[in-house]
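Those letters in the sequence shown? Residues 232 to 420, per our numbering, in order. One structure is given below, encoded as structure tokens.
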Amino acid sequence: MAEFEAGPWKADLERRTTGAVDALKSDLAGLRTGRANATLLDPVTVEVYGSAMPLSQVATVTVPEPRMLSVQVWDKSNVTPVEKAIRAAGLGLNPISDGQTLRLPIPDLTEERRRELAKLASSYAEKAKIAARNVRRDGMEALKAAEKKGQISQDEQKRHEAEVQKITDKAVADIDAAASAKEKEILGK
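Written out as structure tokens, the structure is:
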């Protein structure tokens with residue numbers, strides 16, 4: 232019973248939901264509105280050596296010009312998988328291969344491109360909401376299990392479930408606020 236009263240479960244839920252919000256903010260920071268930035272490629276994962284790896288573990292990303300990214304792939308055999316991963320990431324970038332270097336011109340922000348980026352921001356937000364809801368589900372299941380084991384009473388379970396919901400609602404509100412701000416930035420409103 233003491234483990235639920237002391238609140239380590241609550242701190243863990245808050246840490247995990249905050250992690251979902253922080254991951255979203257990191258992903259949104261990679262969505263740039265017209266200027267090249269190395270963080271633009273942070274969400275890209277590449278299938279190499281039999282597993283999915285972040286692009287930063289197989290290549291170096293630099294910004295040689297304001298509207299150009301350069302990706303220097305370390306292993307020549309990984310150039311094609313890196314190129315495919317960048318295309319598949321949905322960032323609207325079209326790599327130009329030059330040996331082990333991929334050049335990525337940043338396209339002008341047309342209205343269509345802005346809508347694509349806003350849609351991508353929305354999909355990032357939805358993934359973050361799913362992560363927050365998964366944390367809520369885990370918390371609720373832990374509380375039900377503790378009540379069945381007799382560690383907490385039904386009243387305590389209901390009170391703790393309300394706390395779990397409150398933590399989740401705050402995370403979802405933070406996610407919505409971050410996504411809304413980024414969409415306004417992208418759409419220029």
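Where a beta carbon is used, it is the ideal one built from N, C-alpha and C, also for glycine.
Jot down the residue ranges of each uninterrupted beta strand (DSSP E) in the region 264-300, minimum 3 residues, whole runs only, in chain order.
-> 276-279, 282-285 and 290-296
Pro239 to Asp258 span [Cα, whole Å] = Within the sequence shown, the letter at position 8 stands for residue 239. Within the sequence shown, the letter at position 27 stands for residue 258. Distance from the CA of Pro239 to the CA of Asp258, rounded to the nearest whole angstrom, comes to 28 Å.
Inter-residue spacing [alpha-carbon to alpha-carbon] between Met232 and Val366 | Residue 232 sits at position 1 when you count from the first residue of the sequence shown. Residue 366 sits at position 135 when you count from the first residue of the sequence shown. The predicted model places Met232 with a pLDDT of 38, which falls under 50 and marks its position as unreliable, so this point remains unresolved.
May I ask you to report which of helix, strand or coil DSSP gives Asp369?
-> One-based indexing of the sequence shown puts residue 369 at position 138. Three-state DSSP puts Asp369 in a helix.
Whole angstroms is fine: what's the gap from Thr293's alpha carbon to Leu300's?
-> The residue you call residue 293 lines up with position 62 of the sequence shown. The residue you call residue 300 lines up with position 69 of the sequence shown. Cα to Cα, Thr293 sits roughly 6 Å from Leu300.
Label Pro297 either buried or exposed according to how many other C-beta atoms from any shown protein chain fall within 10 Å of its C-beta, with 16 as the threshold for buried.
-> Against the sequence shown, residue 297 aligns to sequence position 66. With fewer than 16 other Cβ atoms within 10 Å, it is exposed.
8 Å contact criterion, which Leu335 and Leu324 should meet: CB distance rounded | For the purposes of this step, residue 335 is identified with residue 104 of the sequence shown, where counting begins at 1. For the purposes of this step, residue 324 is identified with residue 93 of the sequence shown, where counting begins at 1. That belief holds up - the Cβ atoms of Leu335 and Leu324 are roughly 5 Å apart, short of 8 Å.
How would you label Ile383, buried or exposed, when you count the other beta carbons within 10 angstroms and need 16 or more for buried?
-> Locating residue 383 in the sequence shown gives position 152, where the first residue counts as 1. When all chains shown are included, Ile383 counts as buried.
Would you check if there are 3 or more beta carbon pairs closer than 8 Å linking the region 314-328 to the region 372-388?
-> Result no; under three Cβ-Cβ pairs closer than 8 Å.
In the DSSP assignment, find the unbroken beta strand (DSSP E) run with Ser308 in it and report its ends.
-> Here residue 308 refers to the residue found at position 77 when the sequence shown is read from its first residue. Here Ser308 belongs to no beta strand (DSSP E), and DSSP marks it neither H nor E.
Helix or strand or just coil, what does DSSP make of Ala338?
-> Translated into positions along the sequence shown, residue 338 becomes position 107. In the sequence as displayed, the identity of residue 338 is Pro instead of Ala. Looking at Pro338 - three-state DSSP - the assignment turns out to be coil, as it is neither helix nor strand.
Hey, out of Asp243, Lys350, Thr248 and Glu387, whose CA is closest to Lys401's CA?
-> Your numbering for residue 401 matches position 170 in the sequence shown. Here the closest residue by C-alpha is Thr248.
Start-to-end residues for the beta strand (DSSP E) that takes in Ile327 | Reading the sequence shown from its first residue, position 96 is the one you call residue 327. Note, Ile327: beta strand (DSSP E), Ile327 to Asp329.
Could you pull out every residue in the same chain whose Cβ sits closer than 7 Å to the Cβ of Glu392, ignoring the five residues on either side in sequence?
-> Taking the sequence shown and counting its residues from 1, one reaches residue 392 at position 161. For Glu392, where only same-chain residues beyond five positions count, the Cβ hits under 7 Å are Met371 and Leu374.
Output yes or no for whether 7 Å exceeds the beta carbon distance between Arg345 and Leu418.
-> Mapped onto the sequence shown, residue 345 falls at position 114. Mapped onto the sequence shown, residue 418 falls at position 187. Yes, Cβ-Cβ distance for Arg345 and Leu418 is below 7 Å.
For Glu378, does the count of other Cβ atoms within 10 angstroms reach 16, so buried, or fall short, so exposed?
-> Taking the sequence shown and counting its residues from 1, the one referred to as residue 378 is at position 147. So Glu378 counts as buried.
Using a Cβ-Cβ cut-off of 7 Å (strictly less than) and excluding sequence neighbours within five positions of Ala349, which residues of its own chain qualify?
-> Position 118 of the sequence shown holds residue 349. Closer than 7 Å at Cβ, skipping near neighbours: Glu414, Ile417 and Leu418.
With a 10 Å radius around its C-beta and 16 neighbouring C-beta atoms as the bar for buried, classify Asp405 as buried or exposed.
-> Against the sequence shown, residue 405 aligns to sequence position 174. Buried.
Nearest-angstrom beta carbon gap, Gln303 and Thr291 [assumed within contact, 8 Å] = Residue mapping note: residue 291 aligns to position 60 of the sequence shown, counting from 1. Residue mapping note: residue 303 aligns to position 72 of the sequence shown, counting from 1. The pair is a contact, with the Cβ atoms about 5 Å apart (cut-off 8 Å).
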